[in-house]
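Sequences listed follow chains A and B, in order.
Residue 1364 is where the first sequence starts when you use this note's numbering, and the numbers rise one by one after that.
Residue 41 is where the second sequence starts when you use this note's numbering, and the numbers rise one by one after that.
We put the beta carbon where it would ideally sit given N, CA and C, even for glycine.
One structure is given below, encoded as structure tokens.
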Amino acid sequence: MKQFFAFIKKEFYHIFRDQRTLLVLFGMPIAQLLLFGYAITTEVSNANIAVFNQSPGQFSNQLINELKSSDFFRVSANVHSKEELEKVFRTDQAKIAIVIPPKFEEGFYNREAQIQLIADGSDPNLATILSSSANAIIMKWMMKKSGNALPVESITTGVRWHYNPSLKSVLMFVPGVITIILMLVSAMLTSISIAREKELGTIEILFVSPLKPGIIIIGKVVPFIILSIFNAVFILVMAWIIFDIPVNGSIVLLLLESLLFIITALSLGVLISTVSNSQQMALMLSLFGLMLPVILLSGFIFPISNMPLPLQVISNIIPAKFYLIIIKGIMLKGVGIMYIWKETLVLVFMSVLMIVLSIKKFKIRLQ
Amino acid sequence: MLEFKNISKSYEGQEALKDISFDVKKGELFGLIGPDGAGKSTLFRILTTVLLADNGTALFNGHDVVDDYKYVRKNVGYMPGKFSLYQDLSVKENLNFFATIFGTSIKENYDLIKDIYQQLEPFENRRAGALSGGMKQKLALSCALIHKPMVLVLDEPTFGVDAVSRKEFWDMLKSLKAKGVTIIVSTPYMDEASLCDRVALIQKGKILQIDTPKGITDSFEKILYTIKTNKIYESLKVLNDIPEVSNAFSFGQIIHVYAENELNIEKVNNILRENGIEDPKIELGEATIEDCFMDLMVSQNLEEDGVAE
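In structure tokens, the structure reads:
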């Protein structure tokens, strides 16, 4: 037992004396969370809109003010001709334009008023978001004008976004960031730290000592389990303070599931280290073998149901996919173990499989 | 204490060790002398259980190094050729770590490492990576000794270390030997061979000769001459063309000439002068281990060429 603690103490010395490891461990969660939370966002605010008002009057001005006063739009140009409008799009002064036709004021009384929205389709996603937002604002204003009495003949659909009512993208990203960080810290740092002993030759004197291989592996893994759990809590607290995202479900369950996922990732890291002899190789393997699939195929950024069938099949061997389902369930929907036991079982199975494989592959000799 | 029987090992078709057999007695300081790539490290790795031999067996105090590897790992002190301590740990942390994983403490075995470690104590809190080459070796030796091993296996411990530290290091080995530790050490430096009780000359995975240093130099059957000159390269060319000369090698600023029979010094002198080499000083010399090694190496190479033809 004394040997084991001496080994863990040594591991902590390694971790806290290596700036690169520290940076990955503590710098990356902060950077990723802020990056995904603020910079990479699918929400729209303060989008530039051009206004081509051919029917200046009471109603058209009210409508434009309504657009202005929303958080969504900012009037960036007032144009007076079609050619001018064309120029606004070309010079990127606006991504969307509202065209109010000459007979708008008149038509308003006859319930025949028309409005045209023109969006820059070169970014289809943005165009869709902008036009539907503009549409929503116009509809709302019309309802207000008609005294909330909806025209009998029209049916409007009211959409409500469950679990994420304001469609905040950061809500999506926090579980994703936790997944990436746990995967990266656990798998990459473990595999590198074992590969480093091989590269520097220190593994040779560890072999020529009474230390059992099991103690070496567990001793390598335990510090990262502790640090990863700490990291997960740290991200959750940060998400809660900065982005106001609460955990809707049980925090204990969330941490237990995270522990399970950490163990899965760690066993993957040990497995990687058994096939790589240098830190460089361990880094490359974990980066390309783990990071890219985690980001691309776990459903973090691209929905799995939208992928072609072969990729959907492949996504099933990625542990992060299952953890993402679990963590989203607990954090956003507040579900209990009854709803995520299948995914939990998959992770348990994967961990056991990889631990058995790594123990089989971990050699007690150099060759 | 150690027995090697018919050990062979190859890497990807390349034979690193060919049918090696010898033994090391209890309390002996045994040297394995040979150039880089001779197979010294491979042999040590087989002995310390981190490599498996293709053929043959090795016994460590009567225990097989494959079947009973746990016994070996408990009782051997191994210092690999590459500096293999944790560079980011301090001197004291390294020593503490190795003491603990071997189930002992610095205090318990301090008397064994005292002489060595005392020199390191002023730098106790310095990171191992920041130590000088000689200091690193002393630390590595302390770490290999901390659990009071029966046998100390040192792979090129003085490689790349300055002359003063090398001498100090060998003095330490002598005092360890006096304390009853069996030591097997490899080195590419021939001058260190004379400091061992017995040496094995090894080249291309084969043992050329095993004997005491004196036994090896005594067995040198040729006559050796030393020649001092300032034109080493030209002289070597001329000398190797003289039929009576078996071989001529440069040893720094001096040329060693081996001959089966006595040479006519006057005649050699004249030949050198004729070839524009001024004022050569030829004298009879005593053979060193290196001379024996060079001579044996040449005959081994000739043998192999013979087989190839």
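Span separating the alpha-carbon of B/Ala-78 from that of A/Leu-1653: Those two C-alpha atoms are separated by around 42 Å.
Determine whether the Cβ of A/Val-1585 lies closer than 8 Å to any Cβ atom of chain B. No, no contact with chain B.
Compile a chain-ordered list of the residues in the region 125-145 of chain B whose CB is closer than 8 Å to at least one CB of chain A. Answer in chain order: Leu-125, Tyr-126, Gln-127, Asp-128, Leu-129, Glu-133, Asn-136, Phe-137, Phe-138, Thr-140, Ile-141, Phe-142, Gly-143.
Under 8 Å from the C-beta of A/Thr-1565: neighbouring residues of chain B: Correct list: Ser-124, Leu-125, Tyr-126.
State yes or no: is the beta carbon of B/Val-90 nearer than 8 Å to at least one beta carbon in chain A? At least one chain A Cβ lies under 8 Å of B/Val-90.
With a Cβ-Cβ cutoff of 8 Å, do B/Lys-246 and B/Lys-45 count as a contact? no
A/Thr-1707 beta carbon less than 8 Å from that of A/Glu-1620: yes
How many Å lie between B/Thr-252 and B/Val-239 at the Cα? Those two C-alpha atoms are separated by around 6 Å.
Of all the residues that make up the region 1681-1693 of chain A, which are near chain B by a beta-carbon distance shorter than 8 Å? none
Helix, strand or coil, according to DSSP, for A/Ile-1378 in the structure here? helix
7 Å CB neighbourhood of A/Ile-1722 in its chain, flanking five on each side removed: none
Counting C-beta neighbours from all protein chains within 10 Å, is the total for A/Tyr-1472 16 or more, i.e. buried, or is it exposed? When all chains shown are included, A/Tyr-1472 counts as exposed.
A/His-1525, buried or exposed, once every other Cβ within 10 Å from all chains shown has been counted against 16: exposed
Taking the C-alpha atoms as reference points, what is the distance between A/Ser-1427 and A/Thr-1454? Looking at the sequence shown, residue 1427 of chain A is not Ser but Ile. So the alpha carbons of these two residues sit roughly 22 Å apart.
Does any C-beta atom of chain B lie closer than 8 Å to the C-beta of A/Tyr-1376? yes
Proximal residues to B/Arg-85 (C-beta, below 6 Å), its chain only, five neighbours per side dropped: The beta carbon of B/Arg-85 sits closer than 6 Å to those of Leu-91, all from its chain and outside the five residues before and after it, given in chain order.
If you check the beta carbons only, do B/Ser-205 and B/Leu-135 fall under 8 Å apart? no
Could you work out which residues of chain B lie near A/Ala-1369, taking near to mean beta carbons separated by less than 7 Å? Phe-137, Thr-140, Ile-141
What's the C-alpha gap between A/Ile-1592 and A/Ala-1645? Computed Cα separation, rounded: 23 Å.
Helix, strand or coil: which one does DSSP assign to B/Leu-57? strand
Which term fits A/Gly-1632, buried or exposed, when burial requires 16 or more other beta carbons within 10 angstroms of its beta carbon? buried
Considering only their Cβ atoms, is the gap separating A/Ser-1423 from A/Phe-1467 smaller than 8 Å? yes
List the residues of chain A whose Cβ lies closer than 7 Å to the Cβ of B/Pro-189, in chain order. Those within 7 Å of B/Pro-189 in chain A number zero; the least Cβ separation is about 10 Å.
Show which residues of chain B have a CB atom less than 7 Å away from the CB atom of A/Ile-1568. Tyr-118, Pro-120, Ser-124
Under three-state DSSP, which class holds B/Met-119? In the structure shown, B/Met-119 sits in a strand (DSSP, three-state: E or B).
Any contact between the region 50-69 of chain B and the region 224-241 of chain B? By contact I mean 3 or more CB pairs, one from each, below 8 Å. yes
Pick out whichever of A/Ile-1677, A/Leu-1629, A/Ile-1658, A/Ile-1667 has its Cα sitting closest to the Cα of A/Phe-1536. Among A/Ile-1677, A/Leu-1629, A/Ile-1658, A/Ile-1667, the Cα nearest to that of A/Phe-1536 is on A/Ile-1658.
First and last residue of the beta strand (DSSP E) that includes A/Asn-1594? Premise fails: A/Asn-1594 lies in the alpha helix (DSSP H), 1576-1605, not in any beta strand (DSSP E).
Taking all protein chains shown into account, do 16 or more other C-beta atoms lie within 10 angstroms of the C-beta of A/Ser-1714, making it buried, or fewer, making it exposed? Buried, because 16 or more other Cβ atoms sit within 10 Å of the Cβ of A/Ser-1714.
Between the region 1571-1591 of chain A and the region 1660-1668 of chain A, can you find at least three pairs of beta-carbon atoms closer than 8 Å? no
So, for A/Ser-1641: in the same chain, excluding its five sequence neighbours on each side, which residues have a beta-carbon less than 7 Å away from its beta-carbon? Ala-1558, Glu-1562
Which same chain residues end up closer than 6 Å to A/Glu-1516 when comparing Cβ atoms and leaving out the 5 residues on each side of it in sequence? Because A/Glu-1516 carries a pLDDT of 49, less than 50, the predicted location of this residue cannot be relied on, and the following value inherits that uncertainty. Closer than 6 Å at Cβ, skipping near neighbours: no residue.
Which residues in the same chain have their Cβ closer than 7 Å to the Cβ of A/Pro-1609, if we skip the five residues on either side of it in sequence? The answer, listed in chain order, is Trp-1603.
Considering only residues of the same chain and omitting the five flanking positions on each side of B/Gln-23, which have a CB-CB separation below 8 Å? Residue 23 of chain B is absent from the model: chain B starts at 41 and stops at 349.
Relative to the C-alpha of A/Asp-1434, which candidate in A/Asn-1488, A/Ile-1500, A/Ala-1476 has its C-alpha closest? A/Ile-1500
Determine, for B/Lys-307, whether the minimum Cβ-Cβ distance to residues of chain A falls below 8 Å. no
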